[in-house]
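Residues are numbered in the working numbering as their position in the sequence shown, beginning at 1, plus a constant of 15.
Beta carbons: idealized from backbone N, C-alpha and C, even for Gly.
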Amino acid sequence: MNIQVSPSPIPNSNAVSLTSMLDRDDYLTGLLNQVTATKTEGWLQELRQSAANWVRHSIIPTTREEEWRFTDLSSLRKVQFNVEARNFASVELDILPEAANSRLIFVNGVFAPELSAVSDLPSGIVVSNLAGLSAVEQEGVQQYLAQAEGAQEVFTALNTAGITDAAVVWVKKNVVVETPIHLVFISVAGETATISQPRCLVVAESGSQVTLVEEYTNRQDAKSAEDGVYLTNAVTEIWVGENAQVSHIRVEQEGAEAFHIGKTAIAQARDSRYTSHAITLGAKLSRHNLEILQTGEQTQTTLNGLTIISGKQLSDTHSAIALNYPHGTSDQLHKCIVGDRAHAVFNGKVFVPKPAQLTNASQLNRNLLLSSKARVDTKPQLEITADNVKCAHGATVSQLEDDEIFYLQSRGIDENDARKLLINAFAAEVINQIPIPSLREILLNIVNNLKSLTNE
16 MNIQVSPSPI
26 PNSNAVSLTS
36 MLDRDDYLTG
46 LLNQVTATKT
56 EGWLQELRQS
66 AANWVRHSII
76 PTTREEEWRF
86 TDLSSLRKVQ
96 FNVEARNFAS
106 VELDILPEAA
116 NSRLIFVNGV
126 FAPELSAVSD
136 LPSGIVVSNL
146 AGLSAVEQEG
156 VQQYLAQAEG
166 AQEVFTALNT
176 AGITDAAVVW
186 VKKNVVVETP
196 IHLVFISVAG
206 ETATISQPRC
216 LVVAESGSQV
226 TLVEEYTNRQ
236 DAKSAEDGVY
246 LTNAVTEIWV
256 GENAQVSHIR
266 VEQEGAEAFH
276 IGKTAIAQAR
286 DSRYTSHAIT
296 LGAKLSRHNL
306 EILQTGEQTQ
316 TTLNGLTIIS
326 GKQLSDTHSA
336 IALNYPHGTS
346 DQLHKCIVGD
356 RAHAVFNGKV
366 FVPKPAQLTN
376 ASQLNRNLLL
386 SSKARVDTKP
396 QLEITADNVK
406 CAHGATVSQL
416 EDDEIFYLQS
426 RGIDENDARK
436 LLINAFAAEV
446 INQIPIPSLR
456 EILLNIVNNL
466 KSLTNE
């Protein structure tokens, strides 16, 4: 597989804040001690130790930093999280019929083989947890695990410091996988607050094609009367080889009291195609860092995003696309539906340096506010030094129009159903592009069955 590290990394992307040698973030150190309590051996332990050394001299970002200006993590710092490894073999699953025999399930960050099934896969693809790989396969993994751009961002480094296992999807050269791969990460919050750190590694060798569904969800512990508090700190690395194609659907539907920090790092080689559909529905506070690094010419990147939040939820999406070579194409559409007192944040960056001539990049953030107290902070950005490119970006913020609601009412539709129709139409532009029919139906049903998002 011919993937080279770009000499021009993503600029100013979620830079780590470092403490001095005399200072220390005691809260972060406590988290680090929790996730590093379980030891591993060999190359993996060396990788973890290197990341842990970085975390020890880092701090959890604050709103004084530009990249975190609208996302206050002070509520996270008030919670003491613990690693809790228990057997949840009886957890109920919502299985996608298209991936009934091509799924890996992790519960509280621990691989659950009794819930997983990988019997319906062609030759030429490896779908396994890290511990289940052969020695030869693990040697290949070493070349890619924790090697993506941005590995020293503080939450990414914390995840690496705690790796004991991971979901691995490896597609061999010229293999076309028709069956979608479903990776499910379930959190079961107990009587105490827990932390889990899911890790995914996807390698699509040259000429290959694969569709991946990455899902974060929760189940209620029988001992808990209501949703518990937990933290999911997830990292996914995707390496797209020359002329390879990866379709990636990411669904975050965590519990009402959960914290979710996610990083998705993609490296695209020459002539590769990467499509992302990122759906954010859950968590009290969520942050998704989506970073794409072009490592060859003529790449195609499509990013579709949909955030639907209400209550007092905060959802933050930060994306960065580094188009470092000529003839690259990127197209991004991110939509937010914000109700009640919820707060959505979108910050999208597209970097087009001088070598990236004949680049075509577009970026649009559209926001629908359903309440007078709903809030969105949006900042689409283009940084261009090339002089022969076609680039555009923009953002819109709107509310449901009274005349549109009145028009539907005049056709015999009551006000509540009229609002639902308009919200559904706004969301469907993203959902309908998801290539898995059963998942499209599930997400459209979620939108249709949403409780009122307009409570003041």
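Asked                                                                                                                    : Found
Proximity below 9 Å, CB of V353 to CB of A389                                                                            : yes
Cβ-Cβ separation, I294 to I451 (assumed contact under 8 Å), whole Å                                                      : Not confirmed; about 12 Å, so no contact.
Spatial distance of N189 from V106 (CA atoms)                                                                            : 37 Å
Top-ranked residue by Cα proximity to L88, from S330, G326 and P213                                                      : S330
T374 beta carbon less than 9 Å from that of T344                                                                         : yes
Where P395 falls: helix, strand or coil (DSSP)                                                                           : strand
Helix, strand or coil at Q315 [DSSP, three-state]                                                                        : strand
In DSSP terms, what V122 is bridged to                                                                                   : V125 and I201
Separation of Q224 from V151, as counted between CA atoms                                                                : 23 Å
Beta-carbon proximity list for N380, same chain, < 7 Å, skipping 5 on both sides                                         : H349, F361, G363, T393, P395 and A410
Endpoints, the alpha helix (DSSP H) within which I74 is located                                                          : Note, I74: premise wrong, no alpha helix (DSSP H); not H, not E.
Under the three-state DSSP convention, the category D331 falls into                                                      : strand
Cβ distance (whole Å) where A433 is taken to contact I420 below 8 Å                                                      : 5 Å
Meets three-Cβ-pair contact criterion under 8 Å: the stretch 170-177 and the stretch 246-256                             : yes
C-alpha gap between Q318 and I324, whole angstroms                                                                       : Sequence inspection shows Leu at residue 318; the Gln mentioned does not correspond to that position. So the two alpha carbons sit approximately 20 Å from each other.
Helix, strand or coil at F441 according to DSSP, with G and I counted as helix                                           : helix
Cut-off 6 Å between Cβ atoms - residues of its own chain near N460, not counting five sequence neighbours on either side : none
Cα-Cα separation between H342 and L160, rounded to whole angstroms                                                       : 28 Å
Burial state of Q260, where buried means 16 or more other Cβ atoms lie within 10 Å                                       : buried
Whether V228 touches L454 by CB criterion (9 Å)                                                                          : yes
Inter-stretch contact (C-beta, 8 Å, three-pair minimum) for the stretch 69-78 and the stretch 41-54                      : yes
Anticipated Cβ contact below 8 Å, A3 with A66, distance rounded                                                          : There is simply no residue 3 to check, as the chain begins at 16 and stops at 471 in what is shown.
Cβ-Cβ separation, V94 to Q49 (assumed contact under 8 Å), whole Å                                                        : Wrong, their Cβ atoms sit about 12 Å apart, outside the cutoff.
Rounded C-alpha distance that separates A115 from E193                                                                   : 13 Å
Buried or exposed (CB count within 10 angstroms, at least 16 for buried), L458                                           : buried
Cβ neighbour criterion (16 or more within 10 Å) applied to R426                                                          : exposed
Whole alpha helix (DSSP H) elements within the stretch 379-428, 4-residue minimum                                        : 417-425
Under the three-state DSSP convention, the category M36 falls into                                                       : For M36, the predicted model reports a pLDDT of 40, less than 50, meaning its position is unreliable; a value from the coordinates is still stated below. Residue state, collapsed to three classes: coil.
For G363, three-class secondary structure by DSSP                                                                        : strand
For A147, three-class secondary structure by DSSP                                                                        : In the sequence as displayed, the identity of residue 147 is Gly instead of Ala. Looking at G147 - three-state DSSP - the assignment turns out to be helix.
Presumed contact (8 Å Cβ cut-off) between P213 and F121, rounded CB distance                                             : 6 Å
Three-state class that DSSP yields for G462 in the structure shown                                                       : Per the sequence shown, residue 462 should be read as Val rather than Gly. It is helical.
Residues bridged to S301 [DSSP beta-bridge criterion]                                                                    : H275 and S330
The alpha helix (DSSP H) enclosing T175, as first and last residue numbers                                               : V169 to A176
Sequence-distant residues of the same chain with beta carbon closer than 7 Å to K405, five excluded per side             : N375
Three-way DSSP call (helix, strand, coil) for N447 in this model                                                         : coil
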